[in-house]
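Colleague:
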Amino acid sequence: MLTETQVKTAGWGNTEVQALRARALAFFEEKGLPEVKNELYKYSNIQRLFTENGFRETELKTATDTLSLPELPFATSGTLVLYNGVFQPALSVLPAGVEVQAAGTILNGSLAAQTFALPEPDAVKALALATASEGVALLIGENVQVAKPLLVFSYTDVEDASSLASLHVLTAGKNASASVLMLHAHAAEKRFFAQQVWQYFTAEGAALRVYDMQNEGPESYTINHFSALQAANSTFSLTTSSTGSAFMRNNVRAEHAGEGCHTELNGLFMPSEGQHIDNRTFVGHMFPNCTSDELYKGIAAANGKGVFNGKVYVARDAQKTNAYQSNKNVLLSREATINSKPELEIYADDVKCSHGSTTGQLDEQSIFYMQARGIRQAEARKLLLLAFANDVFERIPDMELRAFFETEAGQRFAALYRSR
2 MLTETQVKTA GWGNTEVQAL RARALAFFEE KGLPEVKNEL YKYSNIQRLF
52 TENGFRETEL KTATDTLSLP ELPFATSGTL VLYNGVFQPA LSVLPAGVEV
102 QAAGTILNGS LAAQTFALPE PDAVKALALA TASEGVALLI GENVQVAKPL
152 LVFSYTDVED ASSLASLHVL TAGKNASASV LMLHAHAAEK RFFAQQVWQY
202 FTAEGAALRV YDMQNEGPES YTINHFSALQ AANSTFSLTT SSTGSAFMRN
252 NVRAEHAGEG CHTELNGLFM PSEGQHIDNR TFVGHMFPNC TSDELYKGIA
302 AANGKGVFNG KVYVARDAQK TNAYQSNKNV LLSREATINS KPELEIYADD
352 VKCSHGSTTG QLDEQSIFYM QARGIRQAEA RKLLLLAFAN DVFERIPDME
402 LRAFFETEAG QRFAALYRSR
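Residue 105 in the working numbering sits at position 104 of the sequence shown; the count goes up by one each step and never skips.
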């Protein structure tokens, strides 16, 4: 088990970062991997995951010049390639106004403190912060408008049962605007446990939209830590589409550091055949006149298991807050399960906040109606699932990117009914 091995911290970062990483390591050593009675991981058995798979730290390859990049049906503004979490400059091309540095070069003062903060007693994230390799700092300059999505392609190539982590920072300068598409792939038939920490900073007036297509194979066991700190009048949006991985956990946290912020969190998760996909979100309204909108939809088939646990927090001074949260789920078999726990914690008076959760099955009357008009049952079910999922994809303003996500989901739904 990982808790029985010596956890080593890579030698990167200034004195301040080293101290913060040592603190994270001490926290992990004190707490250990969480049990299911831990509220943060109530529906995800992390200890069993490690016990059954024997994940361990191994020496990682850090460079490659032969990687095949994904072919996309639309143009991008550039490509940033990560190999086992390490930046590959020879394979990367960035647009004007966007630069990349080693993460450690910008992590100091408040940036370092925010990146290594543990607002919740999460020993799993502490482990990631302590052991992460030095990733990239992706810097979008002031007033830079990146018209096309920037592709971030992450490839994992490790020994079987390896454990790895990486830490990355993305900053959007004042009045900047950009969208980022994250794609993942890995070497076949090698099980691995990966943690990625992404810290986002949006300066005043900036707009940053991140789209993460999480369709890795069944050898992948992944936990993502997405954290955003938003300055006044900035927008941060994160959309995840989770179809792959034997185990997937998305920890999402967005906090407002000024008035006029808008946060949008969207997710579609589709566990099947023993997959476990867990989403935990937190939106912190700390200032007045901010808004947030959150929509997560789950589709569970076979004996797949899904989780949504989202909290909207409204501080006492965060008057005029508008916050909405919705989780809707469909179960396609009796063995499938989705646990849903939406939460509101409100300390201000003049706010508009709502949350809700529903779980059900496909409408059999609609299926019968389509069959009566010559549509095969499998195709009818696929069409209903696409209609259900499109509420998430319609929030993607880039039409080509939206079509890309819709196509991927359609292939997933077709595979569910291929044998019928």
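Beta carbons: idealized from backbone N, C-alpha and C, even for Gly.
What you are looking at is a predicted structure, and each value in this text was computed from that prediction instead of being measured.
Could you tell me the distance, in whole angstroms, from the CA atom of Gly268 to the CA atom of Asn328?
Modeller: Approximately 9 Å between the Cα atoms of the pair.
Colleague: Can you tell me whether DSSP reads Thr67 as helix, strand or coil?
Modeller: Coil, per DSSP.
Colleague: For Met249 and Asn144, I'd like the C-alpha separation in whole angstroms.
Modeller: Taking the straight line from one Cα to the other gives about 35 Å.
Colleague: For my contact list, Ser238 and Arg281 are in at a C-beta cut-off of 8 Å; report their separation, rounded to the angstrom.
Modeller: That pair is no contact at about 18 Å.
Colleague: Here's a check: name, in chain order, each residue in its chain whose Cβ is nearer than 8 Å to the Cβ of Arg403, leaving out the five neighbours to either side.
Modeller: Excluding positions up to five away in sequence, the list reads Phe394, Glu395, Ile397.
Colleague: Which same chain residues, not among the five before or five after His277, have their C-beta less than 6 Å away from its C-beta?
Modeller: Around His277: Phe248, Lys306.
Colleague: Is it buried or exposed for Glu274, if we count other Cβ within 10 angstroms and need 16 for buried?
Modeller: Glu274 comes out exposed.
Colleague: What distance in whole Å lies between the Cβ atoms of Ala133 and Val198, which are believed to be in contact at a cut-off of 8 Å?
Modeller: Correct: roughly 6 Å between the Cβ atoms.
Colleague: Output the boundary residues of the alpha helix (DSSP H) element that contains Gly411.
Modeller: Unbroken alpha helix (DSSP H) run through Gly411: 400-417.
Colleague: Which first and last residues belong to the beta strand (DSSP E) in which Ala114 is found?
Modeller: Segment 110-116 is the alpha helix (DSSP H) holding Ala114; no beta strand (DSSP E) there.
Colleague: Per DSSP, what are the beta-bridge partners of Arg57 in this structure?
Modeller: Answer by DSSP bridge pairing, in chain order: Ser163.
Colleague: For Gly357, count neighbouring C-beta atoms within 10 Å of its own C-beta (all shown protein chains included) and say buried if the count is 16 or more, exposed if not.
Modeller: Answer is exposed; the Cβ neighbour count stays below 16.
Colleague: Checking the sheet assignment: what are the DSSP bridge partners for Phe154?
Modeller: Beta-bridge pairing links Phe154 to Val82, Leu184.
Colleague: Classify Lys9 as helix, strand or coil using the three-state DSSP reduction.
Modeller: Legend: pLDDT at Lys9 = 46, less than 50; position of this residue unreliable, no value from coordinates given.
Colleague: Distance cutoff 9 Å, beta carbons only. Does Val87 sit that close to anything in chain C?
Modeller: Looking at the structure shown, chain C is missing, and only one protein chain is on hand.
Colleague: For Gly375, which three-state DSSP category applies?
Modeller: Note: Gly375 maps to coil in three-state DSSP.
Colleague: Drop a sphere of 10 angstroms on the beta-carbon of Asp213, count the other beta-carbons inside from all chains shown, and report buried for 16 or more, exposed for fewer.
Modeller: Label assigned to Asp213: buried.
Colleague: Cutting at 7 Å between CB atoms, please list the residues of its own chain near Ala20, excluding the five before and the five after it.
Modeller: Around Ala20: no qualifying Cβ.
Colleague: Compare the C-alpha of Lys191 against each of Ser221, Leu184, Gln326 and name the closest.
Modeller: Comparing Cα positions, the closest option is Ser221.
Colleague: Assign Asp364 to one of two classes, buried (16 or more other C-beta atoms within 10 Å of its C-beta) or exposed (fewer than that).
Modeller: Exposed, by the Cβ-count rule.
Colleague: So for Phe369, helix, strand or coil by DSSP?
Modeller: Three-state DSSP puts Phe369 in a helix.
Colleague: Is the segment 73-84 touching the segment 151-159, taking contact as three or more C-beta pairs under 8 Å?
Modeller: These segments touch.
Colleague: Identify, in the order they occur along the chain, each residue of the same chain with its Cβ nearer than 8 Å to the Cβ of Gly174, setting aside the five sequence neighbours on each side.
Modeller: The answer, listed in chain order, is Leu140, Ile141, Gly142, Glu143, Asn144, Val145, Ala204, Ala207.
Colleague: Relative to the C-alpha of Glu346, which residue among Met287, Val331, Gln372 is closest?
Modeller: Nearest option by C-alpha distance: Met287.
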